[in-house]
Amino acid sequence: MNTDESIAKSDAAEKPILVALAGQPNVGKSTVFNLLTGLNQHVGNWPGKTVERKEGTLTHNGTTYRLVDLPGTYSLTANSAEEVIAREFIIRNQPDVVVALVDAAILERSLYLVAELLSLPAPVIVALNMMDVAQQEGFRIEPEVLEAALGVKVVPMTASKNIGVHKLVEDIDKVAHSGYAYKPKRPEIRADHREVLEKIEELIAGCVPAPYPQDWVALKLLEGDREITEMMQDCLSDAQWEAVHDVLRAHDDALVAVASGRYEWIGRMIRAAVTRPKAGQIGLTERLDRWATHPFWGLLILAGILGLTFWLTYAIGSPLQNWLNTRVVGGLAELMRAWLAGAPDWLTGLVIDGAIGGVGSVLTFLPILIIFFAAMGAMEDVGYMARAAYVMDGFMHLMGLHGKSFLPLFLGFGCNVPAVLGTRVIESRRARLLTILLAPLVPCTARMTVVAFLSPAFFGSAATLVSWGLILLSLVVLALSGVLINKTIFRSQRAAFIMELPLYHIPNPRTIGLLVWQRCLSFVRKAGTLILVVSVVVWALSVLPGGEVDTSFLSHVGRWLEPVGRLMGFDWRLMVALLTSFIAKENSIAVLGILFGTGEGTGLAATLAATFPASTALAFLVVQMLFIPCVATVAVIKQETNSWWWTGFSVGFLLLVSWVAGMGVFWLARLGGL
Amino acid sequence: MRNRWNRHQSATVTAPGNDVVPLSALRVGERGVVVEMNGGRGMLGRMTGLGFTPGAEVTIVQNFGRGPLIALVRDAHVALGRREARRLYVRRRAG
């Protein structure tokens, strides 16, 4: 596994000390990571995976530490990509220190991961985060007692208030330097399974590939770990595997027994260190949840929060977008025009309409993205995201989706780009992929702009009805596609619905700010490049060779595709309008204005209404709604799926769906006499 | 051989008796001790990671009789689908 690509190369002589940050979800890992590294961090993906990988550096007393943030996982048994990434990193890269972050208010449960980490060959420091919350909830924890019981360093912390971070760095320093005697108490397996574990270890002795620890592999075999089982099946001879398999088959309940054993061990370790609150005390979280997770009030609260998000987008985002468009992008275009005066027309066009147009569309996405990311980040950080998923879960299950898919999809009404990027909150890869595939079917504001212009032209007073009908149609197609893709490609694999509802806490502006910053940066860097390239290419196709759209290469493509369009009553001009909508949905109207020689005003509306029958108009609107999304959305689909195959599938699927739906509506309308 | 993963596993501490009910049958505020967990390996793996093991005490925080429910286990609030909650048997505790 290549994980060394971003080591600071400046000081090759002294290898930086490698620190891995591990912890269960919702223990404040990002906050601690951000406190330790500040802006010295790099966000990417784990090689070959769609799981986010954060890495950063920290300098303390002249020593440089390289910090790698491992994915948040509840255990280290191979249930998902995250668990495999976390344990493979520790086993293969053997970090100098593993900081295990635990939630002091959920001590027993969050030490479960620590119990697993202690079996791996890397020294562990336990960072006891959220001490303030634990105190509020009535726990009294003595870190020194816990330290003595576990045999590893325990650092009490309240990362949200920057308490304990300094001590953590000092302890990392102590553990990383030679001379520190690391003698942890390792969890032992329950007596009733000790013998069988020894038997397995005996059977696999000498056959375990380096650098996997033999006793750990034996334990994972007993737990029925998928990856390790496959690995050992390959390493052992058939006869050897048969022997191991016989033992395992006789103990296939061991997974639960091993887990119980770990919790029993944890119970013994913390008994002396923790005083529990009196039972029956009702905390803030439960009081808030009476409303937030209620089947009726919960939906109302969710609707309110989403309404607020959209209001913010329109109140702040849209004016900012306009300002960027006219002042910044427009200003830049003016500047370049003056500067390029006297240059050939094609060059002026390339720079101003092609390049600056592309930059402009990347830039004008930013206000919306910032607002949406900030809203989602705040909901996640407060702990509300899980509640939103909880109240929407039943509904989303109808489409084979998880409750967590609701929020990103809903954001799609504003813009499909943050919808696709927002799917990062979904842990299950399958559910995330399905959500990404469905997101372009949510009608975004840009599509609605086109509908808002064209439907009054064709349908007069019935325009509102047609617009709502189109939205409804999109959502029905979305639901049907969800069911279809889930049933066929994913074969109805349904992830069990088990999800933690973290305690509510006050959001940390720094955590949210950094999240917004990183997401926007990666959008500009990765998706931005693709958007720019495609914009320039489509622009070039639309003006070459003669400089006019109606004689351009694009118009040739439109004419070539006309037979397909004719099935819905389209001529080549409507096909060209659809093709250019790939850059931005609003382009359709501008291009139609050019092709019909009327500009974009009421003249165009009247001309279109006179040229095409209502059936064609309706089909055009339907295709426009379901057509492949704009290039920005396609670019982020590529960025998030990390796969051209799935990006291609998405585009192909939407082409097919829009074409079938367009034809269906056209012929139904014809039959209905339109 | 791969069938091993698809086969449903169960871990029983005590044979289900009269006071042993699925978790989904407990009302808000009622407590129970987990005695049996059924499900595939993947689901059991996630359940144990979230704190459900035989012997763990569970308190119901929300249960409307249909749809998902919320349980408190090892000091953590965990939402469970009804299907998942039906496969988890608990011994009802008084008080």
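Chains A and B, in that order, are what the protein sequence lines are. The first sequence begins at -11 in our numbering and counts up by one. The second sequence begins at 25 in our numbering and counts up by one. Think of the CB as a built atom: it goes at the ideal place given N, C-alpha and C, for glycine as much as any other residue. Here the structure is a predicted model, which is why all the values come from computation and not from measurement.
Whose CA, out of the options, lies closest to the CA of residue i?
i: Ile359 of chain A; options: A:Ala407, A:Gly348 and A:Met563; result: A:Ala407
i: Glu40 of chain A; options: A:Phe441, A:Leu503, A:Met651 and A:Glu96; result: A:Leu503
i: Met66 of chain B; options: A:Ile582, A:Ala66 and A:Arg174; result: One point to set straight first is that residue 66 of chain B is Gly, not Met, in the sequence displayed. It is A:Ala66 whose Cα lies nearest to the Cα of Gly66 of chain B.
i: Leu466 of chain A; options: A:Phe127, A:Ala440, A:Pro428 and A:Ile519; result: A:Pro428
i: Pro4 of chain A; options: A:Leu338, A:Leu294, A:Val153 and A:Leu55; result: A:Leu55
i: Ala686 of chain A; options: A:Thr336, A:Cys432, A:Thr297 and A:Asp180; result: Outside the displayed range of chain A (-11 to 662) lies residue 686 of chain A, so it cannot be described from this structure.
i: Met71 of chain B; options: B:Val114, B:Leu104 and B:Asp43; result: B:Leu104
i: Met145 of chain A; options: A:Leu399, A:Asn33, A:Gly16 and A:Gly249; result: A:Gly16
i: Thr433 of chain A; options: A:Met613, A:Pro551 and A:Ala291; result: A:Met613
i: Val85 of chain A; options: A:Ser166, A:Thr314 and A:Glu130; result: A:Ser166
i: Asp240 of chain A; options: A:Ser646, A:Leu210, A:Val653 and A:Ala623; result: A:Leu210
i: Pro35 of chain A; options: A:Glu76, A:Tyr53, A:Leu27 and A:Val7; result: A:Glu76
i: Trp456 of chain A; options: A:Ala260, A:Lys155 and A:Leu609; result: A:Leu609
i: Ile571 of chain A; options: A:Val624, A:Ala620 and A:Leu9; result: A:Ala620
i: Ala74 of chain A; options: A:Val140, A:Leu23 and A:Val7; result: A:Val7
i: Ala484 of chain A; options: A:Ser349, A:Gly391, A:Trp334 and A:Ala245; result: A:Gly391
i: Val413 of chain A; options: A:Leu468, A:Ser393, A:Val531 and A:Leu290; result: A:Ser393
i: Leu106 of chain A; options: A:Gln123, A:Leu422, A:Asp161 and A:Gly139; result: A:Gly139
With a 10 Å radius around its C-beta and 16 neighbouring C-beta atoms as the bar for buried, classify residue i as buried or exposed.
i: Glu108 of chain B; result: buried
i: Ala0 of chain A; result: Per-residue confidence for Ala0 of chain A stands at a pLDDT of 42, beneath the threshold of 50, marking its modelled position as unreliable; no derived number is given.
i: Ser(-6) of chain A; result: Note on Ser(-6) of chain A: pLDDT 41, under 50, position unreliable in the model; the coordinate value appears next. It is exposed - the Cβ of Ser(-6) of chain A has fewer than 16 other Cβ atoms within 10 Å.
i: Gly640 of chain A; result: exposed
i: His544 of chain A; result: exposed
i: Phe284 of chain A; result: exposed
i: Phe21 of chain A; result: buried
i: Val564 of chain A; result: buried
i: Asp213 of chain A; result: buried
i: Ile494 of chain A; result: exposed
i: Thr452 of chain A; result: exposed
i: Pro109 of chain A; result: exposed
i: Gly98 of chain A; result: A small correction: the amino acid at residue 98 of chain A is Ser; Gly does not occupy that position in the sequence shown. Looking at its Cβ environment, which holds 16 or more other Cβ atoms inside 10 Å, Ser98 of chain A is buried.
i: Thr263 of chain A; result: exposed
i: Glu60 of chain B; result: buried
i: His233 of chain A; result: buried
i: Leu74 of chain B; result: buried
i: Ala377 of chain A; result: buried
i: Pro199 of chain A; result: exposed
i: Arg111 of chain B; result: buried
Note down, in chain order, each residue of its chain lying with its Cβ closer than 7 Å to the Cβ of residue i, except the 5 sequence neighbours on either side.
i: Ser63 of chain A; result: Glu71, Tyr100, Leu101 and Glu104
i: Glu663 of chain A; result: Residue coverage of chain A in this structure runs from -11 to 662, which leaves residue 663 of chain A outside it and unanswerable.
i: Asp159 of chain A; result: Ile113, Lys141 and Val143
i: Pro490 of chain A; result: Asn14, Gly371 and Ala374
Sorted by chain position, which residues of the same chain lie with C-beta nearer than 6 Å to residue i's C-beta, five sequence neighbours on each side aside?
i: Arg31 of chain B; result: Residue confidence for Arg31 of chain B is low, a pLDDT of 41 falling below 50, so the modelled location carries little weight; the figure read from the coordinates is stated next. Correct list: empty, nothing qualifies.
i: Leu300 of chain A; result: Ile359
i: Val157 of chain A; result: His48
i: Ser569 of chain A; result: Asn575 and Ser576
i: Ala247 of chain A; result: none
i: Pro175 of chain A; result: Ala103, Arg250 and Trp253
i: Asp57 of chain A; result: Leu9, Phe21 and Lys42
i: Thr336 of chain A; result: Leu328
i: Cys403 of chain A; result: Ile356 and Cys432
Whose C-beta lies closer than 8 Å to the C-beta of residue i among residues of the same chain, with five residues either side of it excluded?
i: Ala602 of chain A; result: Phe446, Phe447, Ala657 and Leu662
i: Val524 of chain A; result: Leu338, Gly342, Ala343 and Gly346
i: His91 of chain B; result: Here the sequence assigns Gly to residue 91 of chain B, which means His is not the residue at that position. Once the five neighbours on either side are set aside, the close Cβ partners of Gly91 of chain B are Arg106.
i: Met651 of chain A; result: Leu555, Met556 and Ala607
i: Lys187 of chain A; result: Val235
i: Leu643 of chain A; result: Phe615 and Ile616
i: Met(-11) of chain A; result: At Met(-11) of chain A, the pLDDT of 39 sits below 50, so the modelled position is not reliable and the matter cannot be decided from this model.
Under 8 Å Cβ-Cβ, which residues of chain D neighbour residue i?
i: Tyr372 of chain A; result: Among the chains of the structure shown, chain D does not appear; the protein chains present are A and B.
task = Can you give me, in chain order, the residues of the segment 79 to 96 of chain B that have a beta carbon less than 8 Å from any beta carbon in chain A?
result = Gly79, Ala80, Val85, Gln86, Phe88, Gly91, Pro92 and Ile94
ask   = In chain order, what residues of the segment 31 to 51 of chain A put their CB closer than 7 Å to some CB of chain B?
value = none
query = Taking any Cβ of chain B, which residues in the segment 468 to 502 of chain A have a Cβ under 7 Å from it, in chain order?
reply = Ala484, Phe485, Ile486, Met487, Glu488 and Leu489
ask   = Using Cβ-Cβ distances below 8 Å, what residues of the segment 240 to 251 of chain A are close to chain B?
value = Asp240, Asp241, Leu243, Val244, Ala245, Ala247, Ser248 and Tyr251
task = Using a Cβ-Cβ cut-off of less than 8 Å, list which residues of the segment 94 to 119 of chain B approach chain A; keep chain order.
result = Ile94, Val97, Arg98, Asp99, Ala100, His101, Val102, Ala103, Leu104, Gly105, Arg107 and Glu108
key: Against chain B: residues of the segment 374 to 403 of chain A by CB proximity under 7 Å   = Tyr378, Asp381 and Gly382
Proximal residues, the segment 64 to 79 of chain A versus chain B, C-beta separation under 7 Å = Thr65 and Asn67
Near-chain A residues of the segment 62 to 78 of chain B (beta-carbon distance less than 9 Å), N- to C-terminal order = Gly63, Gly64, Arg65, Gly66, Met67, Leu68, Gly69, Arg70, Met71, Thr72, Gly73, Leu74, Gly75, Phe76, Thr77 and Pro78
key: Whole runs of the alpha helix (DSSP H) within the segment 57 to 138 of chain A, excluding any shorter than 4 residues   = 69 to 81, 95 to 105, 119 to 124 and 131 to 138
Positions along the segment 191 to 219 of chain A whose CB lies within less than 7 Å of some CB in chain B = Gly212 and Arg214
ask   = For the segment 337 to 370 of chain A, which residues have a CB atom closer than 7 Å to at least one CB atom of chain B, in sequence order?
value = none
Residues within the segment 93 to 127 of chain A neighbouring chain B, beta-carbon criterion of under 7 Å = Ala93, Ile94, Glu96, Arg97 and Tyr100
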